[in-house]
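K.L.:
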Amino acid sequence: MDGTEIIDGSEEDMHLEYMVYSPSPPSLISVMNGAEGKYRTQPPQPYGSNFLPTQPDPSQLNESRSISEQKLEKQRAASRERSQRNRRNKKIELETLKNKTEMATENETILTEEIEKLTAEMTRSMNEIGNLRAEKMEWKKEKEQMTANMITAINTRIDNFEYQVNSRLEDIKLRIESLDTKVEGFHNEWMASVSGANVDDAPPT
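Using UniProt numbering, the first residue of the sequence shown is number 1, and each one after it goes up by one.
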């Protein structure tokens, strides 16, 4: 009957009602009276002796289960992708921090060596000043034995050299202060880079 299946009942009881159901889900259940051969409709009733429960379509169940599994697999794949992306980003962040740290250490080493060289040069210059002052004292002891011109020439030589050395020392001090400022800047930049990364969340290497 056009896709309609009749559930057979007892032929002896002519007043027994047979349930008629359609593959398409209707809002009402069609029921045929076996005695009179007539159809009538009524709202869905609870399962009873005159009604059989509609069994779910296995193909629909399989399709629904397949869709659920596909959604779950997509969610798992997206979660794996996010986890892998986070690990890659963290690895890149740690590699960048490592490079910055190595660069800061290298720059600090270079600046420290430069400061040591300038400090050694300043020490040598100060020793030369000490020697010249000692020489000056010796010349002062002998100034009664020398002419005024010789004393003036020696004093002029000492004063000029001392002026040059003092100028050089002042320049060295300024350069050392500049290098100290650079070292402090590299140190602050390195500390800022270290504090911006969470090393505990890093993936194991």
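Think of the CB as a built atom: it goes at the ideal place given N, C-alpha and C, for glycine as much as any other residue.
Give the secondary structure of T147 by DSSP, where H, G and I count as helix, E and B as strand, and everything else as coil.
P.N.:
As a position in the sequence shown, residue 147 is number 147, starting the count at 1. T147 falls in the coil class under three-state DSSP.
K.L.:
Relative to the C-alpha of K117, which residue among R87, E128, F161 and R175 is closest?
P.N.:
As a working mapping, residue 117 is identified with position 117 in the sequence shown. Taking only the C-alpha atoms, the option nearest K117 is R175.
K.L.:
Among residues of its own chain, excluding the 5 on either side of L111, which ones have a beta-carbon nearer than 7 Å to its beta-carbon?
P.N.:
Translated into the one-based positions of the sequence shown, residue 111 becomes position 111. So the qualifying residues of the chain are L179, K182 and V183.
K.L.:
Going along the chain, which residues of its own chain have a beta-carbon closer than 6 Å to the beta-carbon of K136, five neighbours each way excluded?
P.N.:
Position 136 of the sequence shown holds residue 136. These residues qualify, in order along the chain: I158.
K.L.:
Assess contact between the region 67–84 and the region 149–165, defined as three or more Cβ pairs (one per stretch) separated by less than 8 Å. Is contact present?
P.N.:
Segments in contact, no.
K.L.:
Tell me the rounded alpha-carbon separation between I129 and M122.
P.N.:
Along the sequence shown, one-based indexing puts residue 129 at 129. Along the sequence shown, one-based indexing puts residue 122 at 122. Computed Cα separation, rounded: 11 Å.
K.L.:
Rounded to the nearest angstrom, how far is the Cβ of K100 from that of S193, given a contact under 8 Å?
P.N.:
The sequence position of residue 100 within the sequence shown is 100, counting from 1. The sequence position of residue 193 within the sequence shown is 193, counting from 1. Indeed they touch by this definition, with Cβ atoms about 5 Å apart.
K.L.:
Less than 8 Å between the CB atoms is what I'm expecting for W139 and I154, so what's the real figure, rounded?
P.N.:
Residue numbering aside, residue 139 sits at position 139 when the sequence shown is read from its first letter. Residue numbering aside, residue 154 sits at position 154 when the sequence shown is read from its first letter. Confirmed, about 5 Å.
K.L.:
What whole-angstrom Cβ distance do W190 and A77 have, given they're in contact under 8 Å?
P.N.:
Indexing the sequence shown from 1 puts residue 190 at position 190. Indexing the sequence shown from 1 puts residue 77 at position 77. Going by Cβ atoms, the distance from W190 to A77 rounds to 39 Å, so no, they are not a contact pair.
K.L.:
Starting from the Cα of V165, find the closest Cα among E113, E93 and N131 and give me that residue.
P.N.:
Locating residue 165 in the sequence shown gives position 165, where the first residue counts as 1. The option with the nearest alpha carbon to V165 is N131.
K.L.:
Would you tell me roughly how many angstroms separate the C-alpha atoms of H187 and Q84, rounded to the nearest one?
P.N.:
Here residue 187 refers to the residue found at position 187 of the sequence shown. Here residue 84 refers to the residue found at position 84 of the sequence shown. If I take the Cα positions, the gap works out to 33 Å.
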